[in-house]
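Peer 1:
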Amino acid sequence: MVKSITIFTTDTCGYCQMVKNYLKAKGKNYEEVNLDHEPHRRDEAHKISGALTVPVTVVTKTDDSQEIIVGYNLAKLAPALN
Amino acid sequence: MSNDKIYDVIMVGAGPAALTAAIYTTREDIDTLLIERGVIGGLAAVTDIIDNYPGFSQGVHGLDLADNLRVQAERFGAKIELGEVTSIESNGKILKVKVDDKDLLAQAVLVATGCDYKKTGIPGEEQYYARGVHYCATCDGAFYRDKRLAVIGGGNSALQETIFLTRFASHIDLLVRSKIKASDILVKELQTFIDSGKVSVHIGVSPQEILGDEKGVKEIIGKTLDGKNQNYVVDGVFIFIGLRPNTDFLRNSSIELNEQGFLVTNANLETNIPGVFVAGDVRSGATMQIASAAGEGATAALKIREYLEEKNRKIKSSTE
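Chains as they are written, first to last, in my numbering: chain A, 10 to 91; chain B, 1091 to 1410.
Structure, rendered in structure tokens:
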């Protein structure tokens, strides 16, 4: 079960918009961390994903395990939401 | 997705070409389904500002244009679904479009899958992908605030993305293999950043290798015209060296591709397989412009309408 979802995004990132649209379509609430508005959290996004890119989606389960999805990757995102 | 329904037209892709085509087909009450595997709006959606699309005197953000096209197409009844098309087959009457693990049927298909950015193939490119090597400035530029960057390429995309990246980077080395082949307005805009010292342009430099460590990219080596290697100390490399068509899924089909993998069409934008049409950047001879893609989408939609009318007329006359 999903406890929370956090997405790291930027203002101009088309793939970020796609992830947000997908989550909305699935009725999932999420917290957005926009790195253009919160640049001090870039290192956090980098540390979590190991990548210098957005979107990074962090799906936290009820047992506090996390799945990290880098980019717009439905093959990983869709099962992570189940 | 229904397995037995026959759509009037299935559009593969949901960039400006397909979305424009869908606006036209749905307004004609042609049952239209779009299948997109990536971003609705295609490469246009990951472009910061589009300055040469008519009707927007101050330019338009790629994301906004993509979203407006999507809303407009959906307003008339276009359906957009996410999925990956893996093949298109014809039995002479109906077209079968394989989407993930499902088969969908259609009277006509529009392939408008566009292009993706080419890769250089140099050592380090794959190793440091997303850890210092990037193909999307609007996605990844924010990680390079006050860092040094290299941009590879000399076309419109390379210049446009270099200009975009100046808002983050402390300095950008633009490595151009032959010469700059971009619009004058971009060249002029770039010149302001060259004059301010923010951008250095290196003509006649072929990238050879991207070097780094566990933390990411450290430098890129380029070969100059006199055959010497030149090192550029950078924290990241953005690559914009041209486009490759998204037609890998058609490599083993009977649909004709040219040597570069672009789809070959006749003047009606139809391929060698009746009922399979093409619009936008993926078409052989395309001008790689969003306005052209939209125009081709409109043309293809009208040709699809003619095709469907003719097909239905033949079916009707054969049953009378």
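All residues carry an ideal CB built from backbone N, CA and C; glycine is no exception. Fair warning: this is a prediction, and the values are worked out from it, not measured in the lab.
Does the beta-carbon of I1331 of chain B, which I'm using as the reference point, lie nearer than 8 angstroms to any heavy atom of the ligand HEM?
Peer 2: This structure lacks the ligand HEM; in fact it carries no ligand of any kind.
Peer 1: Select from the stretch 1339 to 1367 of chain B all residues with a C-beta closer than 9 angstroms to any C-beta belonging to chain A, and list them in chain order.
Peer 2: Listed by position along the chain: nothing, the set is empty.
Peer 1: Once DSSP output is grouped into helix, strand and coil, what is the label at S1382 of chain B?
Peer 2: S1382 of chain B: helix per DSSP, three-state reduction.
Peer 1: Under 9 angstroms, do A1134 of chain B and A1156 of chain B count as touching if we go by C-beta distance?
Peer 2: Cβ distance < 9 angstroms, so A1134 of chain B and A1156 of chain B count as in contact.
Peer 1: Does the beta carbon of F1146 of chain B come closer than 9 angstroms to any beta carbon on chain A?
Peer 2: Not an interface residue.
Peer 1: Apart from the five residues just before and just after E76 of chain A, which ones in its own chain have a Cβ nearer than 6 angstroms to its Cβ?
Peer 2: Counting only Cβ-Cβ distances below 6 angstroms, and skipping sequence neighbours, we find V68, A89.
Peer 1: Please report the straight-line C-alpha distance between M1091 of chain B and K1188 of chain B, rounded to a whole angstrom.
Peer 2: Low local confidence applies: a pLDDT of 46 at M1091 of chain B is under 50, so the model's placement there is unreliable, and no value is given.
Peer 1: Can the beta-carbon of R1395 of chain B be found closer than 9 angstroms to that of I1120 of chain B?
Peer 2: A contact, by the Cβ cut-off of 9 angstroms.
Peer 1: Is G1214 of chain B buried or exposed, if buried means 16 or more other CB atoms sit within 10 Å of its CB?
Peer 2: With 16 or more Cβ atoms within 10 Å of its Cβ, G1214 of chain B is classed as buried.
Peer 1: Looking at chain B, which residues of the stretch 42 to 53 of chain A have a Cβ within less than 8 angstroms of any of its Cβ atoms?
Peer 2: Flagged, chain order: L44, D45, P48, R51.
Peer 1: Strictly below 7 angstroms CB to CB, what residues from chain A border D1138 of chain B?
Peer 2: Simply T21.
Peer 1: Mind checking T18 of chain A: buried by the 16 CB within 10 Å criterion, or exposed?
Peer 2: Result: buried.
Peer 1: Taking the alpha-carbon positions, what's the L44 of chain A to H1224 of chain B distance?
Peer 2: Cα to Cα, L44 of chain A sits roughly 17 angstroms from H1224 of chain B.
Peer 1: Does any residue of chain A bring its CB to less than 9 angstroms from the CB of I1100 of chain B?
Peer 2: Closer than 9 angstroms: no.
Peer 1: At the level of alpha carbons, what is the spacing between G1128 of chain B and S1343 of chain B?
Peer 2: Distance between the alpha carbons of G1128 of chain B and S1343 of chain B: 22 angstroms.
Peer 1: Where DSSP assigns a beta bridge to L90 of chain A, which residues make up the other side?
Peer 2: In the DSSP output, where bridge partners are listed per residue, L90 of chain A has none listed.
Peer 1: Would you tell me roughly how many angstroms separate the C-alpha atoms of I14 of chain A and I1125 of chain B, rounded to the nearest one?
Peer 2: Approximately 26 angstroms, taken between the alpha carbons.
Peer 1: Report yes or no: do three or more beta-carbon pairs, one from the stretch 19 to 30 of chain A and one from the stretch 1222 to 1238 of chain B, lie closer than 8 angstroms?
Peer 2: Touching, yes, given that three or more Cβ pairs across the two stretches are closer than 8 angstroms.
Peer 1: Please specify which runs of the beta strand (DSSP E), each continuous and at least 3 residues long, are wholly inside the stretch 1321 to 1347 of chain B, giving them in chain order.
Peer 2: With a minimum length of 3 residues, the continuous beta strand (DSSP E) runs that stay inside the stretch 1321 to 1347 of chain B are 1326 to 1329, 1333 to 1335.
Peer 1: Classify L1398 of chain B as helix, strand or coil using the three-state DSSP reduction.
Peer 2: Reduced to three states, the DSSP call for L1398 of chain B is helix.
Peer 1: Could you tell me the distance, in whole angstroms, from the CA atom of K1278 of chain B to the CA atom of Y1219 of chain B?
Peer 2: Rounded to whole angstroms, K1278 of chain B to Y1219 of chain B spans 31 angstroms at the Cα level.
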